[in-house]
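Before any comments, here is the structure.
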Amino acid sequence: MRLDRNAIDKSIPIPLYYQLKQHLRDYIDTCRVGDPIPTENELCTRFEISRPTVRQAITELVAEGYLVRSKGKGTFVTRPKVQRDFRLALSSFNQEMRDKGVSPSTRVLDLYQTKADTAVAEKLGLQSGDTVFFLRRLRSADRQPLMIVNTFLPAGLVPGFDSHDFSQVALHTLLSETYAFELTLMRRSIEAIAAPKEEATLLEIKPGSPVQYTETIVYTDQDIPIEFSLGWYRGDHSRFTLEVRAE
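In the working numbering, the protein residues as written are 14 to 260.
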């Protein structure tokens with residue numbers, strides 16, 4: 014697709030930067046990751062608009078994850094951030110990604126029984142030393158590592174848990190359909206941290222790069238904590254959305 018100089022209509026009440034932004038979005042969809050876009054000066058000349066107008070359109074596309082600036086080199090097409098919605102947090106990761114037009118995959122890194130330390134036991138309402146299952150997964154979108162999730166579950170509530178293939182099986186679907194738990198509540202905290210070395214290696218980023226770190230507890234309808242998870246999300250490829258309604 015070529016950039017059409019007639020795509021900007023100065024006679025309509027839609028801001029010029031927004032018209033350019035939408036046209037660039039369409040153009041980006043036809044490009045490959047790493048392709049350069051025209052310079053600000055080239056865009057100004059092609060569309061006969063001011064540099065601040067062009068800069069605003071590009072800045073918003075950079076903020077939304079469609080473009081990336083490289084100092085001294087130019088502006089390039091990049092992979093858009095995968096947006097995760099807190100309202101969908103108890104749904105299947107695979108289904109959520111497919112709904113967003115992304116191909117999901119899961120790699121199981123570890124799955125075994127262990128003893129709960131004090132912190133894990135407290136989150137799951139157990140005694141320190143009680144047996145739990147530990148599941149560690151690397152989840153990807155379009156073959157790009159997106160997040161690492163460490164999950165602990167009370168072993169006594171999910172017998173045979175380690176016999177399942179979690180590269181194919183959705184955790185919450187298994188808990189609901191196989192173990193007959195009704196999952197009704199999730200409590201999650203989120204903070205920005207520097208990526209630890211091990212997680213950075215798995216996520217294919219530099220140690221110390223920004224990641225979104227989460228701690229999540231999932232409860233059943235009987236108010237039993239069934240899952241405690243720690244998550245590390247690539248900051249450059251993910252975004253969380255939280256919707257708050259007035260009472």
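Note that the Cβ used here is the ideal one computed from N, Cα and C, for glycine as well.
On a predicted model such as this, the values are computed, not experimentally measured, just so you know.
Determine the burial state of residue i: buried for a count of at least 16 other Cβ atoms within 10 Å of its Cβ, exposed for fewer.
i, result
"Gly244", "buried"
"Ile206", "exposed"
"Leu122", "exposed"
"Leu56", "buried"
"Ala193", "exposed"
"Ser24", "exposed"
"Ala134", "buried"
"Gly248", "buried"
"Ile161", "buried"
"Arg100", "Unreliable placement is indicated for Arg100, whose pLDDT of 44 sits below 50; no coordinate value is reported for it."
"Pro28", "exposed"
Roughly how many angstroms separate the alpha carbons of residue i and residue j, rounded to a whole number?
i, j, result
"Lys86", "Pro167", "52 Å"
"Arg150", "Thr66", "44 Å"
"Ile41", "Tyr30", "16 Å"
"Leu184", "Arg45", "34 Å"
"Phe147", "Lys128", "9 Å"
"Phe60", "Glu73", "18 Å"
"Glu53", "Ser83", "13 Å"
"Pro223", "Pro51", "29 Å"
"Pro49", "Tyr79", "12 Å"
"Ile237", "Gly169", "13 Å"
"Ser242", "Lys219", "23 Å"
"Val81", "Arg68", "13 Å"
"Arg195", "Asn19", "The displayed chain sequence assigns Glu, not Arg, to residue 195. Going from the Cα of Glu195 to the Cα of Asn19 covers about 55 Å."
"Gly221", "Thr131", "27 Å"
"Pro26", "Thr191", "56 Å"
"Gln276", "Val171", "Because the chain is modelled from 14 through 260, residue 276 falls outside the range shown and cannot be assessed."
"Ile203", "Leu124", "24 Å"
"Ala213", "Ser63", "41 Å"
"Glu211", "Thr58", "47 Å"
"Asp98", "Tyr246", "With a pLDDT of 47 at Asp98, under the threshold of 50, the predicted position of this residue should be treated as unreliable, though the coordinate-derived value follows. Going by the C-alpha atoms only, they are around 13 Å apart."
"Thr144", "Gly173", "13 Å"
"Asp17", "Gln181", "44 Å"
"Thr233", "Leu37", "46 Å"
"Arg152", "Thr186", "17 Å"
"Thr43", "His177", "40 Å"
"Glu117", "Arg15", "It should be noted that the sequence gives Pro, not Glu, for residue 117. Spanning the two alpha carbons is a distance of roughly 31 Å."
Assuming residue i and residue j form a contact by the criterion Cβ under 8 Å, report the distance between their Cβ atoms to the nearest whole angstrom.
i, j, result
"Asp175", "Gln126", "7 Å"
"Leu216", "Ala208", "7 Å"
Between the beta-carbon of residue i and the beta-carbon of residue j, is there less than 8 Å?
i, j, result
"Arg303", "Thr164", "Nothing in the structure corresponds to residue 303, since the chain is present only between 14 and 260."
"Lys34", "Ala76", "no"
"Phe179", "Thr119", "yes"
"Gln32", "Asp22", "yes"
"Leu188", "Ile230", "no"
"Phe89", "Gly47", "yes"
Any heavy atom of the ligand COA closer than 7 Å to the Cβ of residue i?
i, result
"Glu204", "What this structure holds is no ligand at all, so the ligand COA is not there to describe."
I'd like to know if the segment 129 to 144 and the segment 153 to 163 are in contact, where contact means that at least 3 CB-CB pairs between them fall below 8 Å. no
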